[in-house]
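J.: Numbering of the sequence shown is given in the UniProt record's numbering, commencing with residue 1 and proceeding in unit increments.
Backbone N, C-alpha and C define an ideal beta-carbon position, used for all residues, glycine too.
Bear in mind that the values here come from a model prediction, so they are computed numbers and not experimental data.
Pasting a structure below so you can have a look.
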Amino acid sequence: MEFKISDKMRNMKPSIIREILKQMSDPTLISFAGGNPAADSFPAEDIARFSDELLRQDPVAALQYSVSEGVPSVREAVRAFANRRERVAKENDGVLITSGSQQILDFAAKCLCNEGDVVAVENPAFLGAFNAFRSSGARLAGVPMEDDGVNLAALEAVFAAPEKPRFFYCIPNFQNPTGKTMSLAKRRAVYALAVRYGVPVLEDDPYGELRIAGGPVPSIKSMDTEGAVIYAGSFSKILCPGMRLAYCVCDKKLMAAFVVAKQCSDVHTNVWAQRVCEAMLTRTDMDAHIREIRKIYAAKAALMMEQLDEKCPQVRYTRPEGGMFIWGTLPEGADMPAFVRECLARKLALVPGNAFMVDEEAPCGSFRMNFSTPTPENIVKGVSVMAGVLAAQGL
């Protein structure tokens with residue numbers, strides 16, 4: 001049978017990262033391309049213990065349908081976790097448990113955008129967000145990045161345009177793909193612009209717990225007194241992505257619309273996963289667990305940067321204060337597609353920077369490297385491959 005795909009989906013492109021990951025069945029391939037957490041960061045024993053206990057003592061609580069907002073006791077545990085260092089969730093905010101952060105991005109577009117509406121986004125930014133917004137018919141207005149976050153003058157110009165964006169999407173902490181952190185001054189300025197122009201901020205914070213250098217910077221949501229910020233938090237990077245658990249903190253009026261969107265999507269988030277997460281939050285030392293993850297990532301990031309300095313001095317790169325990514329830039333005039341292709345031919349997968357741009361056809365001399373997934377041995381080997389390709393291309 002011939003299926004006629006809708007106009008919205010026919011124009012969507014598959015994630016280049018997911019396509020690259022399909023090649024991971026090749027055991028000889030080294031991947032700097034993905035964004036997976038380190039396998040040794042998963043608290044597998046605790047998850048197994050709490051899952052077994054739950055299924056033996058109260059199986060119905062884990063296996064039955066539940067409310068769309070999330071199990072009430074889980075929502076309270078998540079609220080306490082989110083507020084343990086700063087006030088993310090306030091009195092007028094609801095907490096919604098979602099099936100991964102991607103679902104929050106999808107709900108924001110579904111609930112706030114009509115066909116053809118504009119969404120402002122950092123440029124470059126997470127390509128999964130671009131797809132989520134475009135799948136709801138939104139048009140993207142890219143705002144360029146600087147070393148300390150979004151360009152404020154460009155952001156204000158987009159906010160002040162005749163077609164005011166329905167919201168602004170950003171990743172202030174250890175941004176994907178650049179690894180950059182938005183400064184406190186810029187966070188305050190972004191919030192001030194959002195309130196002045198009436199443009200909500202969608203603050204995506206999947207990496208916020210993964211700080212490996214410097215001091216914490218308050219979230220934009222913690223500054224929110226007007227209900228203008230939608231905060232997306234995730235357990236994928238600090239528990240495990242397979243559980244597909246995230247949480248949205250936003251004004252209760254907007255959350256009501258998100259709940260309806262969830263009922264139209266998957267009814268509710270996996271109850272077993274919610275209950276296990278609750279046990280992890282209330283019966284283990286999550287901060288100690290997170291500190292161990294930070295140690296793993298700090299060592300891997302330091303090793304990758306050391307190898308780049310030693311073997312690829314011609315590559316300029318960001319020095320991330322956390323997260324999972326380093327953003328590299330080749331010398332002027334380099335052929336980025338040829339560089340990525342030759343690296344892949346030599347069994348090293350990288351993601352070219354144009355994959356994260358609003359206009360994928362625009363030239364981009366940068367590329368993203370992931371340090372959380374590869375082993376230390378493969379980090380050393382992978383950077384050596386890059387050095388060999390650079391030498392072969394006369395760079």
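1) Mark L193 as exposed unless 16 or more other C-beta atoms lie within 10 angstroms of its C-beta, in which case mark it buried.
2) If you reduce the DSSP assignment to three classes, tell me which class residue 402 lands in.
3) Could you please give the first and the last residue of the uninterrupted alpha helix (DSSP H) stretch that includes P72?
4) By Cβ distance below 7 Å, which residues in the same chain neighbour P320 in space, the five residues on each side in sequence not counted?
5) Got a sec? Which residues, its chain only, sit under 8 Å from M357 by beta carbon, not counting five neighbours each side?
6) First and last residue of the alpha helix (DSSP H) that includes L152?
7) If you draw a straight line from the alpha carbon of D359 to that of F126, how long is it in whole angstroms?
8) Please confirm whether F367 and M336 have their CB atoms less than 8 Å apart.
9) Less than 8 Å between the C-beta atoms of M304 and F371, yes or no?
10) Between the alpha carbons of E146 and R211, how many angstroms are there, rounded?
11) According to DSSP, is R283 part of a helix, a strand, or is it coil?
12) Alpha carbon to alpha carbon, what distance is there between I220 and R187?
13) Considering only DSSP beta bridges, list what T329 is partnered with.
14) List the endpoints of the continuous beta strand (DSSP E) containing D46.
15) When the Cα atoms are used, what is the spatial distance from R79 to D309?
16) From I5, A38, L245 and L330, pick the residue whose C-alpha is nearest to that of Y297; which is it?
17) Identify the continuous alpha helix (DSSP H) that holds S384 and give its terminal residues.
18) For L202, count neighbouring C-beta atoms within 10 Å of its own C-beta (all shown protein chains included) and say buried if the count is 16 or more, exposed if not.
19) Pick helix, strand or coil for D148, following the three-state DSSP scheme.
20) As a quick exercise: from D52, L239, V340 and S51, pick the residue whose alpha carbon is nearest that of E292.
21) So, under 8 Å CB-CB, K164 and V199 are touching, yes? Tell me the CB distance rounded to an integer number of Å.
22) L96 bridges to which residues according to DSSP?
23) Give the DSSP bridge partners of residue 407, in chain order.
24) Whole angstroms are fine: how far does the CA of I30 sit from the CA of L390?
25) Where does G227 sit, in a helix, a strand or coil, going by DSSP?
26) Looking at V74: is its Cβ nearer than 8 Å to the Cβ of E377?
27) Could you spell out where the alpha helix (DSSP H) holding C111 opens and where it closes?
28) Just checking my contact of Y197 with F159 at CB under 8 Å: how many whole Å lie between their CB atoms?
29) In whole angstroms, what separates the C-alpha of P218 from that of D46?
30) How would you label E354, buried or exposed, when you count the other beta carbons within 10 angstroms and need 16 or more for buried?
31) Is the CB-CB distance between R56 and L112 below 8 Å?
32) I need the straight-line Cα distance from A89 to S222, nearest angstrom please.
33) Nearest-angstrom Cα distance between A299 and E306?
34) Rounding to the nearest angstrom, what Cα-Cα distance links A273 and A392 in this structure?
35) Drop a sphere of 10 angstroms on the beta-carbon of K8, count the other beta-carbons inside from all chains shown, and report buried for 16 or more, exposed for fewer.
T.: Straight from the coordinates:
1) buried
2) Here the chain comprises residues numbered 1 to 395, so residue 402 is not present and cannot be evaluated.
3) P72 to A82
4) F174, G179, A301 and I326
5) N123, P124, G142 and C364
6) L152 to A160
7) 13 Å
8) yes
9) yes
10) 20 Å
11) helix
12) 6 Å
13) R316 and S366
14) Careful: D46 lies outside any beta strand (DSSP E), inside the alpha helix (DSSP H) at A44 to Q57.
15) 42 Å
16) A38
17) P376 to A392
18) buried
19) coil
20) L239
21) 6 Å
22) C248
23) Here the chain comprises residues numbered 1 to 395, so residue 407 is not present and cannot be evaluated.
24) 17 Å
25) coil
26) no
27) S101 to L112
28) 4 Å
29) 30 Å
30) Checking the sequence, you will find Asn at residue 354 rather than Glu. Its Cβ being crowded by 16 or more others within 10 Å, N354 is buried.
31) no
32) 8 Å
33) 10 Å
34) 49 Å
35) exposed
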